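Numbering (UniProt numbering), first residue to last: 1 to 292.
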């Protein structure tokens, strides 16, 4: 009986130890489960954030693609207009040469004709008038072609400024800088320039075409910090509501450059600040006279 009791006590001790081990294992497993659930939630949150960032970047890419396509379309349109005018000039020159040849023929007929000289004279007069009209049209077409080529060159230079973003600006606008600061656009994307003034705007703004528009000065500081942290380059920032520029009087015969630039809605203050007090002269002589 003593042996049976001892065996039972030993078995009970073993069962108790096994129970304790199982309980410890359950506690450890429960802790691991809690940790795994926490990690799963964190991973889920990270995935959602990554998906949101990916969607935002895709939207930015689509916007940039649309802007680039628009600029290319404008360039192709001006190419087409230039070719049409060149073709018109060639046709008018051909017509003028043909009129000259016909005039020579009529002059020969007039000299050799024994009668009906009045009729031939009228025909000569008509040809002379047609030749003069063709010559005037050719001159006008050449002038139009020159203006169009000049404007096309200006637009090409401005287009090059649009595409030539620095590495810092490009990285900032496509790799999370927008979300970090609330940046909304680059200056080049918020302006629409009146025909003939593209070169003047490009000359005045230069690198400022690449300034990033942010809500305020604090956002600009955050943008600079972001670029330092990521080491992606440099960029300049301008608040969407900058301090108002001090206006001055405009001399007679001049106009403010800002009057020839239309800003997207909500960005008028930015454009007015960048172009404040810049006046446009019609010629170098006029500008020189005002300077004196």
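Glycine residues also receive a C-beta, built at the ideal position from the N, C-alpha and C atoms.
This structure is a prediction, so every number in the text was calculated from the model and none was measured.
| Item | Value |
| --- | --- |
| Residues that residue 262 bridges to, as DSSP identifies them | 192 |
| Alpha-carbon to alpha-carbon, residue 223 and residue 276 | 25 Å |
| Through-space distance from residue 255 to residue 285, alpha-carbon basis | 16 Å |
| Spatially closest choice to residue 176 from 209, 17 and 59, by CA coordinates | 59 |
| Buried versus exposed call for residue 191 [16 or more other C-beta atoms within 10 Å across all chains shown] | buried |
| Nonlocal neighbours in the same chain, by C-beta distance under 6 Å from residue 14, ignoring five residues either side | none |
| Supposed contact pair residue 68 and residue 103 - C-beta distance, whole angstroms, cut 8 Å | No, residue 103 and residue 68 are not in contact; Cβ-Cβ is about 52 Å, not under 8 Å. |
| Cβ pair count under 8 Å reaching 3, the segment 214 to 229 against the segment 168 to 183 | yes |
| Candidates 228, 167, 54 and 197, of which the one nearest residue 211 by Cα | 167 |
| Length of the line joining the Cα atoms of residue 101 and residue 91 | 15 Å |
| Where the alpha helix (DSSP H) through residue 271 begins and ends | 268 to 274 |
| Whole-Å CB distance - residue 296 paired with residue 85, under 8 Å assumed | Because the chain here runs from 1 to 292, residue 296 falls outside it and cannot be looked at. |
| Cβ distance (whole Å) where residue 240 is taken to contact residue 204 below 8 Å | Contact flag wrong, Cβ pair sits at about 20 Å. |
| Separation of residue 51 from residue 38, as counted between CA atoms | 20 Å |
| As assigned by DSSP and simplified to three states, the class of residue 186 | strand |
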